[in-house]
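Chains as they are written, first to last, in the working numbering: chain A, 3 to 370; chain B, 24 to 105. For every residue, glycine included, the Cβ atom is placed at its ideal position computed from N, Cα and C. Below is one structure; the comments refer to it alone.
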Ligand code: SF4
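Quick look at the structure:
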């Protein structure tokens with residue numbers, strides 16, 4: 003078992019798609035929460051296999067896209083300080099702040115910005131530059147956060163007092179509860195994110211089922227994983243059931259990764275968090291607990307998070323709520339392209355606008 | 024940011040492992056993985072950390088259920104037993 007080829011079986015994908023087609027009796031809308039799902043659906047050409055009337059809508063699961071303009075502005079204010087090295091995931095570098103400039107601009111003005119692959123790389127920078135202040139820009143959901151927690155704990159143990167994290171860590175269930183608590187939304191079911199669920203466990207979606215009678219299925223990222231998850235969802239719709247089901251049992255359990263959960267609970271505590279397009283959602287973010295606050299960039303370096311407006315004309319906010327699609331944005335494909343992004347949904351490879359632009363020529367034609 | 028594909032563990036030290044996929048090697052941390060992997064195991068990686076070690080039996084069950092669903096076999100079985 004290599005866990006890849008077996009799950010890329012084209013005949014199996016076709017059979018699952020045919021079963022899906024047979025099962026569906028009327029049009030349905032499913033939200034795929036995770037940016038990696040959005041990308042997988044486009045990149046693998048899965049769209050062409052889906053029955054007509056099955057619409058996939060992207061949700062608030064691209065970590066860079068939901069980072070608020072105010073947070074980006076605060077990152078930019080740090081980038082201008084002398085002696086500061088910012089360590090960041092690559093996707094964040096080109097996200098424009100409220101005035102249209104990005105970390106890439108700051109870098110061209112001389113700011114020291116290092117693209118890292120892991121928070122641990124930020125720690126390594128702090129070790130090798132003891133006279134500099136190293137700030138890791140913490141964006142991400144439940145999948146990224148345990149690694150950030152492990153890194154902060156290590157910094158604490160090593161007494162690395164030049165290492166800080168700008169924490170904007172977010173939790174996935176609260177914005178979903180907020181979205182589906184709105185009676186005006188028209189989504190029939192949820193394709194739950196694979197690797198967030200590996201950490202939090204499939205039981206984390208029970209409140210959505212119990213409170214909103216929303217069918218929820220956890221799915222992996224290969225075409226057959228996604229198709230099986232969609233088939234389970236459509237069966238629930240057709241039978242009037244709402245349950246949590248798991249189509250990714252090789253990675254996701256009901257309780258999730260307890261080790262990672264314990265570490266996160268030790269290092270972080272819940273806090274109200276601002277999301278791009280969704281506003282401030284109570285208890286939807288994390289902050290460092292008191293024993294670890296010495297590594298909190300906002301507190302230790304006195305960074306103000308300014309009030310900031312979202313970029314004018316950009317529909318990212320509505321797109322992240324599943325209320326609009328990229329071609330509905332007047333800037334899509336014209337002023338806003340992956341080379342000249344105006345909003346974060348066009349920057350990140352996991353962003354919905356970027357996925358539409360890169361993989362969907364028909365969407366482009368419609369926009370132009 | 025999410026790497027969807029499992030990588031194979033080639034070497035293990037205290038807190039780190041060397042993992043490989045199609046000739047590309049990477050070092051990953053083992054601080055938060057649910058089960059400490061052995062050499063030859065496959066792990067799911069996120070931002071430099073292994074988050075899950077795959078179990079061959081779970082994967083085989085996952086695949087079998089997919090095949091049964093594709094053929095509609097799982098439904099017939101339900102009917103037979105109900
Ligand atoms: S196309 Fe650009 S401006 Fe329009 S919603 Fe997407 S990211 Fe925002």
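Check: For the putative contact between residue 246 (chain A) and residue 208 (chain A), defined by C-beta atoms under 8 Å, what is the C-beta separation to the nearest angstrom?
Finding: Translated into the one-based positions of the first chain, residue 246 (chain A) becomes position 244. Translated into the one-based positions of the first chain, residue 208 (chain A) becomes position 206. Between residue 246 (chain A) and residue 208 (chain A), the beta carbon gap of about 6 Å places them in contact (Cβ cut-off 8 Å).
Item checked: is_contact[residue 40 (chain B), chain A] using C-beta, thresh 9 Å -> For this step, residue 40 (chain B) is matched to residue 17 along the second chain. No, no contact with chain A.
Notebook entry, point to check: Looking at the unbroken beta strand (DSSP E) that takes in residue 274 (chain A), where does it start and where does it end?
Noted result: In the first chain, counting from the first residue as 1, residue 274 (chain A) sits at position 272. Start and end: 270-277.
Next item on the list: Show which residues of chain A have a CB atom less than 7 Å away from the CB atom of residue 28 (chain B).
Entry: In the second chain, residue 28 (chain B) corresponds to position 5, counting from 1. The contacting residues are 6.
Next item on the list: Go through its chain and collect everything with a Cβ distance to residue 211 (chain A)'s Cβ below 7 Å, but skip five positions before and after it.
Entry: Your numbering for residue 211 (chain A) matches position 209 in the first chain. Cβ-Cβ distances below 7 Å link residue 211 (chain A) to 218, 244, 245, 246 in the same chain, with the five nearest sequence neighbours on each side left out; the list follows chain order.
Margin query: Along the stretch 64-97 of chain B, where does the CB come closer than 8 Å to a CB of chain A? Name the residues.
Written below: Near chain A, meaning a CB-to-CB distance below 8 Å, the residues of the stretch 64-97 of chain B are 65, 67, 69, 70, 71, 72, 74, 75, 77, 78, 79, 81, 82, 83, 84, 85, 86, 88, 89, 90, 92, 93, 94, 95.
Checklist line | Test item, CB below 5 Å from any non-hydrogen atom of ligand 1 | finding: Per the Cβ criterion, the list is A:316, A:317, A:318, A:331, A:333, A:334, A:338, A:344, A:345, A:347, A:348, A:355.
Margin query: Quick test of the definition: if touching needs 3 or more C-beta pairs under 8 Å, does the stretch 46-60 of chain A touch the stretch 289-296 of chain A?
Written below: Because the criterion of three Cβ pairs below 8 Å is not met, the stretch 46-60 of chain A and the stretch 289-296 of chain A do not touch.
Next item on the list: Verify whether the separation of the beta carbon atoms of residue 299 (chain A) and residue 169 (chain A) is less than 9 Å.
Entry: Counted from its first residue, the first chain places residue 299 (chain A) at position 297. Counted from its first residue, the first chain places residue 169 (chain A) at position 167. Closer than 9 Å, so yes.
Notebook entry, point to check: Cα separation between residue 45 (chain B) and residue 67 (chain B)?
Noted result: Locating residue 45 (chain B) in the second chain gives position 22, counting from the first residue. Locating residue 67 (chain B) in the second chain gives position 44, counting from the first residue. Rounded to the nearest angstrom, the two C-alpha atoms are 15 Å apart.
Margin query: Can you check whether the C-beta of residue 57 (chain B) is within less than 9 Å of a C-beta belonging to chain A?
Written below: Taking the second chain and counting its residues from 1, the one referred to as residue 57 (chain B) is at position 34. So, interface residue.
Notebook entry, point to check: Mapping DSSP to helix, strand and coil, what is residue 33 (chain B)?
Noted result: The count along the second chain starts at 1 and reaches residue 33 (chain B) at position 10. When DSSP states are grouped into helix, strand and coil, residue 33 (chain B) belongs to the strand group.
Notebook entry, point to check: Quick one, which of A:279, A:296, A:275, A:46 has its alpha-carbon nearest residue 286 (chain A)'s?
Noted result: Stepping through the first chain from its first residue, residue 286 (chain A) is reached at position 284. The option with the nearest alpha carbon to residue 286 (chain A) is A:275.
Checklist line | Residues from the stretch 196-211 of chain A in contact with chain B, defined by Cβ distance under 7 Å | finding: Taking 7 Å as the Cβ-Cβ cut-off against chain B, the residues of the stretch 196-211 of chain A that qualify are 197, 200, 201.
Item checked: 3 or more residues per run - each beta strand (DSSP E) lying fully within the stretch 240-310 of chain A -> For the stretch 240-310 of chain A, the continuous beta strand (DSSP E) assignments of 3+ residues that do not extend past its boundaries occur at 246-248, 270-277, 281-290, in sequence order.
Check: Is it a yes or a no for the stretch 8-26 of chain A touching the stretch 214-233 of chain A, going by three-plus beta-carbon pairs under 8 Å?
Finding: Segment contact: the stretch 8-26 of chain A against the stretch 214-233 of chain A, three or more CB-CB distances shorter than 8 Å; contact assigned.
Margin query: Taking 9 Å as the threshold (beta carbon to beta carbon), is residue 54 (chain B) in contact with chain A?
Written below: Counting from one through the second chain, the residue named residue 54 (chain B) turns up at place 31. For residue 54 (chain B), at least one C-beta of chain A is nearer than 9 Å to its own C-beta.
Next item on the list: Identify which residue in A:331, A:346, A:280, A:50 has its Cα closest to the Cα of residue 174 (chain A).
Entry: Here residue 174 (chain A) refers to the residue found at position 172 when the first chain is read from its first residue. Cα-wise, what sits closest to residue 174 (chain A) is A:280.
Note to self: Please report the straight-line C-alpha distance between residue 159 (chain A) and residue 52 (chain B), rounded to a whole angstrom.
What the structure shows: As a position in the first chain, residue 159 (chain A) is number 157, starting the count at 1. As a position in the second chain, residue 52 (chain B) is number 29, starting the count at 1. Looking at the two C-alpha atoms, the distance is approximately 16 Å.
Item checked: Cβ-based burial, residue 278 (chain A) [other Cβ within 10 Å; buried from 16] -> Against the first chain, residue 278 (chain A) aligns to sequence position 276. By the neighbour-count rule (16 or more Cβ atoms within 10 Å), residue 278 (chain A) is buried.
Checklist line | Helix, strand or coil at residue 232 (chain A) [DSSP, three-state] | finding: Within the first chain, numbered from 1, the residue matching residue 232 (chain A) stands at position 230. In the three-state reduction of the DSSP assignment, residue 232 (chain A) falls in the helix class, which pools H, G and I.
Notebook entry, point to check: Can you list the residues of chain B that residue 261 (chain A) reaches, using a CB-CB cut of under 8 Å?
Noted result: Within the first chain, numbered from 1, the residue matching residue 261 (chain A) stands at position 259. Residues of chain B whose Cβ lies closer than 8 Å to the Cβ of residue 261 (chain A) are, in chain order, 55, 56, 57.
Checklist line | Three-state class that DSSP yields for residue 53 (chain A) in the structure shown | finding: To locate residue 53 (chain A), count along the first chain from 1; it is residue 51. It is coil, neither helix nor strand.
Next item on the list: Work out the CA separation of residue 230 (chain A) and residue 89 (chain B) for me, nearest whole Å.
Entry: Mapped onto the second chain, residue 89 (chain B) falls at position 66. Mapped onto the first chain, residue 230 (chain A) falls at position 228. Using only the alpha carbons, I get a separation of about 6 Å.
Note to self: Can you tell me whether residue 48 (chain B) is helix, strand or coil according to DSSP?
What the structure shows: Start at 1 with the first residue of the second chain, and residue 48 (chain B) comes out as number 25. In this structure, DSSP gives residue 48 (chain B) an extended state, which the three-state scheme calls strand.
Next item on the list: State the CB to CB distance for the pair residue 136 (chain A) and residue 124 (chain A), rounded to an integer number of angstroms; the pair is presumed to be in contact (CB under 8 Å).
Entry: Residue numbering aside, residue 136 (chain A) sits at position 134 when the first chain is read from its first letter. Residue numbering aside, residue 124 (chain A) sits at position 122 when the first chain is read from its first letter. Confirmed, Cβ separation roughly 6 Å.
Notebook entry, point to check: When DSSP labels each residue in this structure, what does residue 65 (chain B) get in the three-state scheme?
Noted result: Sequence index remark: in the second chain, residue 65 (chain B) carries index 42 (1-based). Taken through DSSP and simplified to helix, strand or coil, residue 65 (chain B) comes out as strand.
Check: Is residue 146 (chain A) close to chain B, meaning its C-beta is less than 9 Å from at least one C-beta of that chain?
Finding: For the purposes of this step, residue 146 (chain A) is taken as residue 144 along the first chain, with counting starting at 1. Yes, because at least one Cβ of chain B sits closer than 9 Å to the Cβ of residue 146 (chain A).
Notebook entry, point to check: Using a C-beta to C-beta distance shorter than 9 Å, which residues of chain B count as neighbours of residue 21 (chain A)?
Noted result: In the first chain, residue 21 (chain A) corresponds to position 19, counting from 1. By Cβ distance, chain B contributes 92, 93, 94, 95.
Check: Mind checking if residue 182 (chain A) is an interface residue toward chain B, Cβ cutoff 9 Å exclusive?
Finding: Position 180 of the first chain, counted from the start, is the residue given in the question as residue 182 (chain A). Using beta-carbon distances, residue 182 (chain A) does not count as an interface residue toward chain B, since no partner is under 9 Å.
Check: Taking just the CA atoms, how far does residue 240 (chain A) sit from residue 93 (chain B)?
Finding: Numbered from its first residue, the second chain carries residue 93 (chain B) at position 70. Numbered from its first residue, the first chain carries residue 240 (chain A) at position 238. Take the alpha-carbon of residue 93 (chain B) and the one of residue 240 (chain A): they are about 17 Å apart.
Next item on the list: Leaving out five residues on either side along the sequence, give the residues of the same chain with a beta carbon under 8 Å from the beta carbon of residue 176 (chain A).
Entry: Numbered from its first residue, the first chain carries residue 176 (chain A) at position 174. For residue 176 (chain A), where only same-chain residues beyond five positions count, the Cβ hits under 8 Å are 283, 284, 285, 286.
Check: Taking Cβ positions, are residue 315 (chain A) and residue 340 (chain A) nearer each other than 9 Å?
Finding: As a working mapping, residue 315 (chain A) is identified with position 313 in the first chain. As a working mapping, residue 340 (chain A) is identified with position 338 in the first chain. No, the Cβ-Cβ distance between residue 315 (chain A) and residue 340 (chain A) is not below 9 Å.
Notebook entry, point to check: Since residue 33 (chain A) sits in a beta bridge, which residues does DSSP pair it with?
Noted result: Position 31 of the first chain, counting from 1, holds the residue named residue 33 (chain A). In DSSP, residue 33 (chain A) forms a bridge with A:59, A:192.
Next item on the list: Within its chain, find whatever has a CB closer than 7 Å to the CB of residue 376 (chain A); leave out the 5 residues flanking it on each side and keep chain order.
Entry: What the structure shows of chain A is the stretch from 3 to 370, and residue 376 (chain A) is not part of that stretch, so it cannot be assessed.
Notebook entry, point to check: Exposed or buried, which one is residue 328 (chain A) when buried takes at least 16 other CB atoms within 10 Å?
Noted result: Working through the first chain from its first residue, we reach residue 328 (chain A) at position 326. By the 10 Å Cβ count, residue 328 (chain A) comes out buried.
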